[in-house]
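Just below is one structure, and these are the notes that go with it.
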Amino acid sequence: MSTPELTVAAPSQDETPGSEWWRTAVIYQIYPRSFADTNGDGIGDLAGVTAHLDDLQELGVDAIWLSPFQRSPQKDAGYDVSDYCDVDPLFGTLADFDAMLAASHARGIRIIVDLVPNHSSDQHEWFQEALAAAPGSRERARYMFRDGTGANGELPPNNWESVFGGPAWTRTTDPDGTPGQWYLHLFDTSQPDFDWSNEEVREEFRRVLRFWLDRGADGFRVDVAHGLVKEAGLPDYTPNPDAGSMGGDEASVPYWGQPGVHEIYRDWHEVLAEYDGDRALCAEAWLPTIAKTALWVRRDEMHQAFNFEYLETAWDAAALRAVVTESLRAYPAVGAPSTWVLSNHDVVRHASRLALTAENPQGAGIGPKSEGQPIPEVGLRRARAATSVMLALPGSAYLYQGEELGLPEVIDLPDEARQDPTWFRTKGERYGRDGCRVPIPWTAAAPAYGFSPDGESWLPQPAEWASLARDVQQDQPDSTLSLYRDLLAERRARSLGAGALTWIDDLGPEVLAFTNSGVTVIANLGDAAVPLPEGRVILSSGPLGAGSIPTDTTVWLEQS
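The sequence shown begins at 28 in our numbering and counts up by one.
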């Protein structure tokens, strides 16, 4: 092995990062309705999170991000919020939240609250007041109400399409029964967009931030952080079908990534700075390039942004090297860490996605009739190898509940069981996200595999969940759960999150190899085994051959 040739992510003197926890944290996403149910209604709750905190501490995570648990009609699984400062009864009470947060902090685990500022539920008090008020009123000014076009206002204000399919505008009915104005909803009709040019909206969200910060929350994951501000005049926009949902690198999408969002997050940054403890903001910002995403995490704005370009990169050594190199250039250049993520509640689980053989746009999901069905054993092998690469990279990493068990996407959900608005708004053309949201298995022999005491489950669990349950994997040294525990323990012990990456160039075009803090990481993404260099094996994602690294396998080495 020759001397490594290229080092990235070594900040200059004035860019040396601080010691804030979020710079290197491993953050575990909990989708509350699918994590653990304590009252037997088939829907997970906050008490279920508290009950499994010891499991998460044993796993070795630094923080928990909770998908929305605020009061909601649940038309989009909680991303339609009707009261931002209360817990939905499905999930418990504010007292349950306080107890969970205290128990988490006692274990050294921080809590990140999901915040949905682009839109509210149509059941939110403000939107109900807006429907009852007249055009031009203060109540309607909090949302994006507009007159229609056409001779009698019968056409929507522009041609925008909803992310969930269909028009992004819905027409109201006035109290006298006549057709009224239209309101914008970039997602479901039940999710009207706020008008962020309105100072009353901005002040309300300052209040919401302080409400959760006062209770001890350590930060916020911000949903649709690239939305909020719309281009003045709301011009028509027809996406290029070949450029992706963000419109490509050069396009200006009038409802995504508008410059005005940065002013909002600078304001929020100041709110969080009022509190001790390095509170953090993380952006869910789907943007066309890493360089543009990095603008969200400049020193006076948000602290992290999800690295979706990394998540969407194919299982290809050259492509992965390129996206890692760019990430470790762009984010440190603005004083932020890169983040790394492979799965979440909106995408096909990476134990299936990495083995797909057909295009699968974000949010489309996979089902029984999808093309390019994954081979389960290939998907799991690649998922274990990919995670072993990700957790060796400098920066902060996100895990999605159940990936530590090697859970695949649930493909064979019955049509009548599906609940994602995407499925309904596209009339079944897109399966949506239910397949990655199926409640996770804890105990093989228990009802609902330990998810619920009475065997209830809001989405049906497949039979193969029994062999993947946590209690089955707990004491198996070669299980995916054991691999994750080992990866996290070694990552922490060797301070890999705070390290610097140096590429290794001479192991072949289908090998991804680098060093970080004295650890040599080699991932074989090719079809044939490659030689295993000399050194002590710290861990590997799968069995090693005699002096070789098999296909779809990652190994960590300690070399003298």
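Cβ coordinates follow ideal geometry from the N, Cα and C atoms, glycine included.
- Closest in alpha carbon position to Glu585, among Ala444, Glu517 and Pro388, is Glu517.
- Residue pairing by DSSP puts His146 in a beta bridge opposite Asp220.
- Minimum Cα-Cα distance from Thr581 among the listed residues Lys396, Arg306 and Thr547 corresponds to Thr547.
- With fewer than 16 other CB atoms across the displayed protein chains lying within 10 angstroms of its CB, Leu121 is exposed.
- The straight-line gap separating the alpha-carbon atoms of Val557 and Thr578 is approximately 8 Å.
- If you look at Val228, you'll find it in the alpha helix (DSSP H) that goes Glu226 to Asp241.
- For Gln155, there is no enclosing beta strand (DSSP E); the enclosing alpha helix (DSSP H) has its first and last residue at Glu152 to Ala159.
- Closest in C-alpha terms to Ser131, from the list Pro183, Tyr106 and Val76, comes Val76.
- Annotation: Leu559 to Val405 spans about 21 Å, alpha carbon to alpha carbon.
- When beta bridges are read from the DSSP output, Phe333 appears opposite no residue.
- As computed with DSSP, Trp196 is found in a beta bridge with Leu211.
- Of the residues Tyr210, Ala410 and Met127, the one whose Cα lies closest to the Cα of Leu80 is Met127.
- Separation of the CB atoms of Arg165 and Trp153 is rounded to 10 Å, and the pair is thereby denied contact status at 8 Å.
- The beta carbon of Asp263 is closer than 6 Å to those of Asn185 and Asn186 in its chain, skipping five residues each way along the sequence.
- Of the residues Gln56, Pro144, Ile138 and Gly482, the one whose Cα lies closest to the Cα of Asp250 is Pro144.
- In this structure, His296 and Leu314 do not form a Cβ contact; the two beta carbons are roughly 19 Å apart against a cut-off of 8 Å.
- Fully contained in the region 461 to 508 are the following alpha helix (DSSP H) runs of length 4 or more, in chain order: 492 to 495 and 497 to 500.
- DSSP places Thr320 in the helix class (H, G or I) of the three-state scheme.
- In summary, Ala475 is buried, with 16 or more beta-carbon neighbours lying within 10 Å of its beta-carbon over all protein chains present.
- Contact between the region 326 to 333 and the region 379 to 389 is not established, with fewer than three Cβ pairs separated by less than 8 Å.
- Secondary structure note for Ser131: it is in no beta strand (DSSP E), and the uninterrupted alpha helix (DSSP H) holding it is Leu121 to Ala133.
- The three-state reading of DSSP puts Leu182 in strand, counting E and B together.
- Here the region 435 to 448 makes contact with the region 461 to 474; the two share three or more CB pairs at distances below 8 Å.
- When rounded, the separation of the alpha-carbon atoms in Val375 and Leu338 is 11 Å.
- By the C-beta density criterion, Asp215 is buried, having at least 16 other C-beta atoms within 10 angstroms.
- A Cβ-Cβ contact shorter than 8 Å links Arg409 with Trp342.
- Judged by pairs of C-beta atoms under 8 Å, the region 478 to 490 does not touch the region 510 to 527, as fewer than three such pairs exist.
- The C-alpha of Gln400 lies about 8 Å from the C-alpha of Ala382.
- Taken through DSSP and simplified to helix, strand or coil, Tyr458 comes out as coil.
- The continuous alpha helix (DSSP H) containing Val76 extends over residues Leu73 to Ala78.
- The alpha-carbon of Asp123 is positioned some 23 Å away from that of Gly482.
- Taking all protein chains shown into account, Lys454 has fewer than 16 neighbouring C-beta atoms within 10 Å of its C-beta and is therefore exposed.
- In the three-state reduction of the DSSP assignment, Thr578 falls in the coil class.
- Note on geometry: alpha-carbon atoms of Ser479 and Trp469 lie some 10 Å from one another.
- The secondary-structure analysis by DSSP pairs Val249 across a beta bridge with Leu142 and Ala310.
- Annotation: the continuous alpha helix (DSSP H) that includes Phe451 extends over Pro448 to Arg452.
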